[in-house]
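Visitor: This structure is in structure tokens; I'll ask about it shortly.
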Amino acid sequence: MNKSQKSTQFLFTIPPLKNGEFEAIRSLIYKKSGIFLGKEKKILVRSRLGKILRRRKIPSFKEYYKLIVGDTTGQEFTQLLNAISTNFTQFFREREHFEFLKEVIIPNCSQNRQIKIWSAGCSSGEEPYSIAITLLEKVKDIKEWNIKILATDISTRVLEKAIRGFYQEEQLATLSKVTLRKYFLRGNGDWAGYYQVRPEIKKMIEFKHVNLLKPFPFKIMFNIIFCRNVMIYFDRPTKEDLITRFSQVLVPGGYFFIGHSESLMGIRHNFKYIRPAIYQKV
Ligand SMILES: C[S@@+](CC[C@H](N)C(=O)[O-])C[C@H]1O[C@@H](n2cnc3c(N)ncnc32)[C@H](O)[C@@H]1O
């Protein structure tokens, strides 16, 4: 960036986000992604989208909104969602689910030697990679198994990160040294301080761009669906519709995992409660 570019960048102040503009943007986000942003999110929206306005020198949120709705490729909306969605995740986040997978579900599937798992809202890949590591640790004759791990997200930014499989050392703090050595390659030179998931683990996972609000673009029946810390952004009708569709792609007896801070209370569903954040299709 040269000096004059730097100074125009510096001079650009993020415009105010007027109430009408905020309403238009948040209802567009809700309509297209199911993500419900409360009125208190106005400052957050201005700050996250303001970065796009600044980078592209778009003078107002009204202009930006026009750009998004006028874009038939969908790329503008994807960029907006990449900026707005909250993607926090961790390896082996909410460890109880991985214990349950290891101790209950994998043994149940061992007769058929087949397991199909969907990480719906996988963010930057920590969840599906934790699933793959759990399988590798538990299933001794894994080569004899038919395994499918599908990992999907609406955000292309996090999906790209998941596919690259590069993580900073701090992001791997929840993993033991043994796991790190077994399943990751340590970077050196320019990549010192980074680790990459080993190719044989990457190969176990299919990453796909999927908006959960739209009809699922595949016909697979799963043994488990992880949809953790995703529906927190959705309102009740959106959750009910999604949960009904999840249940349609689960095998009878299949499991459904949600985040431990979430609940299906007050939501119509036909799952059986097993333990906190674990449900089963009956
Ligand atoms: C907080 S992260 C949760 C990641 C992981 N499941 C976990 O629990 O650690 C929520 C993810 O849901 C994704 N998401 C939000 N709305 C979505 C939608 N309509 N379709 C697909 N993914 C969505 C976001 O992009 C984000 O990556």
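Residue numbering for the sequence shown follows UniProt numbering, starting at 1 and increasing by one per position. In this text, a Cβ means the ideal position worked out from N, Cα and C, and glycines have one as well.
Using 7 Å as the threshold, is the C-beta distance between CYS227 and ALA120 below it?
Guide: Cβ atoms of CYS227 and ALA120: closer than 7 Å.
Visitor: Taking the runs of the beta strand (DSSP E) that are 3 residues or longer, which of them lie wholly in the region 115-175?
Guide: Taking only runs of at least 3 residues, the beta strand (DSSP E) segments lying wholly in the region 115-175 are 146-153, 166-168.
Visitor: Look up VAL104 in the DSSP assignment and say whether it is helix, strand or coil.
Guide: Residue state, collapsed to three classes: helix.
Visitor: Check GLY259 in the structure and name its three-state DSSP category.
Guide: GLY259: coil per DSSP, three-state reduction.
Visitor: Using alpha carbons as the reference points, say which of GLU160, ALA162, THR156, ALA132 lies closest to LYS148.
Guide: When only C-alpha atoms are compared, the closest one is ALA132.
Visitor: Please state whether DSSP places GLN248 in a helix, a strand or coil.
Guide: Residue state, collapsed to three classes: helix.
Visitor: Taking the straight line between their C-alpha atoms, what separation do you get for GLN168 and GLU144?
Guide: C-alpha separation (whole angstroms): 33 Å.
Visitor: Counting Cβ pairs, one atom from each stretch, are 3 or more of them under 8 Å apart for the region 46-55 and the region 240-259?
Guide: With a cut-off of 8 Å, the region 240-259 and the region 46-55 do not count as touching, because too few Cβ pairs lie within range.
Visitor: So the beta strand (DSSP E) ARG275 belongs to, where does it begin and stop?
Guide: Counting along the chain, the beta strand (DSSP E) containing ARG275 begins and ends at 271-275.
Visitor: Suppose the cutoff is 7 Å on Cβ atoms and the five residues either side in sequence are ignored; what does the same chain contact list for VAL158 look like?
Guide: If we look at VAL158 and ignore the five residues flanking it on each side, its Cβ neighbours are ASN87, SER123, SER124.
Visitor: Suppose you measure from the CA of VAL282 to the CA of ARG55; what does that come to, to the nearest Å?
Guide: Computed Cα separation, rounded: 51 Å.
Visitor: Could you say which of GLU200, PHE234, ARG26, VAL139 lies nearest to GLU262 if we only look at CA atoms?
Guide: Nearest C-alpha to GLU262: PHE234.
Visitor: Rounding to the nearest angstrom, what Cα-Cα distance links TYR195 and ILE163 in this structure?
Guide: If you take the alpha carbons of TYR195 and ILE163, they lie about 13 Å apart.
Visitor: Short check: CB of PHE91 to CB of SER130, under 7 Å?
Guide: Yes.
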